[in-house]
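**Q** The structure under discussion is supplied below as structure tokens; questions concerning it will follow.
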Amino acid sequence: MTMETGIADQIIQIKESLPDGIELLAVSKTHPIESLREAYNAGQRLFGENKVQEMVIKHSQMPEDVQWHFIGHVQRNKLHLMAPFVAVIQGIDSYQTLAEANRQAARFNRRITCLLELHIATEDSKSGFQPEKCMQMLEAGEWRNLEHIEIGGVMGMASYTQNREQIFAEFQQLVSFFRTAKELFFKDSPGFHTISAGMSNDYDLAIKAGANLVRIGTGIFGARDYAKAENKV
Ligand SMILES: *Cc1c(COP(=O)(O)O)cnc(C)c1O
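See below:
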């Protein structure tokens, strides 16, 4: 059984349930273009993908007013493929990646919003800055010379666990990092406002902790079928 027929309903239901000021990113990775179109027709404009090539193809098949968010691990040698159109790169986890995003955005005379990914989970496998390392980078200040990117906030993924208190505490850690960084480095930067956290199973906790952008895939499009997705590309 698939949920494809229910995509529009899911979008509308989730949007109605979100408090004011919370943005919804539809995480469409692995799902076919028809599903994205259905979401688009229901009014959805923010889409998230985690594979560069897949995002490039979908971008070419979707209307121009879609805002594409890259939510995967950023490989610096693939930034040039998304630089012409990507709205937000969510997974920035080093200064080098930020600088390369700037260089590629400059080639297309664009300004790309970048979110600093913080490692808040206990697993080593999840990527992201260690919070101290990220603070050090902000203190060093070289990022201020990067005119073709804007640091738009932070992003984080909680541990893969059933322990809701732990997940909530990890989101709180992300929000607290955001507030400290805002106070120290972005007081006069209204563009630094996004706290991207929460997926289908934990976005309620993320909102409670203070997130304002939730990334929902399964809750909108149904379960992902990776085998099918790979055959298609
Ligand atoms: C896949 C993914 C999501 C969406 O996960 P769901 O559980 O399907 O809602 C959110 N964020 C990131 C970074 C992802 O890779």
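Numbering-wise, the sequence shown is residues -13 to 219 according to this note's numbering.
All C-beta atoms, glycine included, are put in the ideal place defined by N, C-alpha and C.
No experiment lies behind these values; they were computed from the predicted model shown.
Under 9 Å between the Cβ atoms of Leu104 and Gly58?
**A** no
**Q** Can you list, in chain order, the residues of its chain with a C-beta nearer than 6 Å to that of Val74? Leave out the 5 residues immediately preceding and following it.
**A** His55 and Thr99
**Q** To the nearest angstrom, how far is the alpha carbon of Trp292 from that of Asp110?
**A** The chain is shown from -13 up to 219; residue 292 falls before or after that span and cannot be answered.
**Q** Give a single yes or no on whether Val38 has its beta carbon closer than 8 Å to a heavy atom of ligand 1.
**A** no
**Q** Got a sec: does ligand 2 put a non-hydrogen atom nearer than 8 Å to the Cβ of Val13?
**A** With respect to ligand 2, the structure shown offers nothing to examine, as its ligands consist of ligand 1.
**Q** Which residue marks the beginning of the alpha helix (DSSP H) containing Arg229, and which one marks its end?
**A** The first residue shown for the chain is -13 and the last is 219, placing residue 229 beyond what the model contains.
**Q** If you draw a straight line from the alpha carbon of Asn36 to that of Asp211, how long is it in whole angstroms?
**A** 15 Å
**Q** If I measure Cβ to Cβ from Asn88 and keep anything under 7 Å in the same chain, skipping five residues before and after, which residues do I get?
**A** So the qualifying residues of the chain are Leu132, His134 and Ile135.
**Q** Could you tell me whether any non-hydrogen atom of ligand 1 is closer than 8 Å to the CB of Ile202?
**A** yes
**Q** Among the candidates Met123, Gly208 and Asn149, whose CA atom is the shortest distance from the CA of Ala167?
**A** Met123
**Q** For Thr147, which of Asn187, Asn27, His45 and Lys173 has the nearest alpha-carbon?
**A** Asn187
**Q** Whether or not the segment 173 to 180 and the segment -8 to 1 are in contact is what I'm after, with contact meaning three or more pairs of Cβ atoms, one per stretch, closer than 8 Å; do they touch?
**A** no
**Q** If you draw a straight line from the alpha carbon of Phe154 to that of Ala192, how long is it in whole angstroms?
**A** 7 Å
**Q** Return yes when the C-beta of Gln30 is under 8 Å from any heavy atom of ligand 1, and no when it is not.
**A** Gln30: no, Cβ never under 8 Å from ligand 1.
**Q** Applying the criterion that 16 or more other CB atoms from any shown protein chain within 10 Å of the CB defines a buried residue, is Glu2 buried or exposed?
**A** Residue environment analysis places Glu2 among the exposed positions, since fewer than 16 neighbouring C-beta atoms fall within 10 angstroms of its C-beta.
**Q** Please report the Cβ distance between Pro139 and Phe164, rounded to the nearest whole angstrom; I am assuming they are in contact, meaning their Cβ atoms lie under 8 Å.
**A** Reading off the sequence, residue 139 comes out as Gly, not Pro. With 8 Å as the limit, Gly139 and Phe164 qualify as a contact, their Cβ atoms being about 6 Å apart.
**Q** So, helix, strand or coil for Gln116, using DSSP?
**A** coil
**Q** Using three-state DSSP, classify His55 as helix, strand or coil.
**A** strand
**Q** Hey, would you say the C-beta of Gly7 is under 8 Å away from at least one heavy atom of ligand 1?
**A** no
**Q** Need the endpoints of the beta strand (DSSP E) that Ser46 sits in, please.
**A** Looking at the DSSP string, Ser46 is not in any beta strand (DSSP E); the run it does join, the alpha helix (DSSP H), is Val38 to Gln47.
**Q** Assuming Ile(-3) and Gln30 form a contact by the criterion Cβ under 8 Å, report the distance between their Cβ atoms to the nearest whole angstrom.
**A** 5 Å
**Q** How big is the Cα-Cα spacing for Lys119 and Ile106?
**A** Lys119 and Ile106: Cα-Cα distance of roughly 13 Å.
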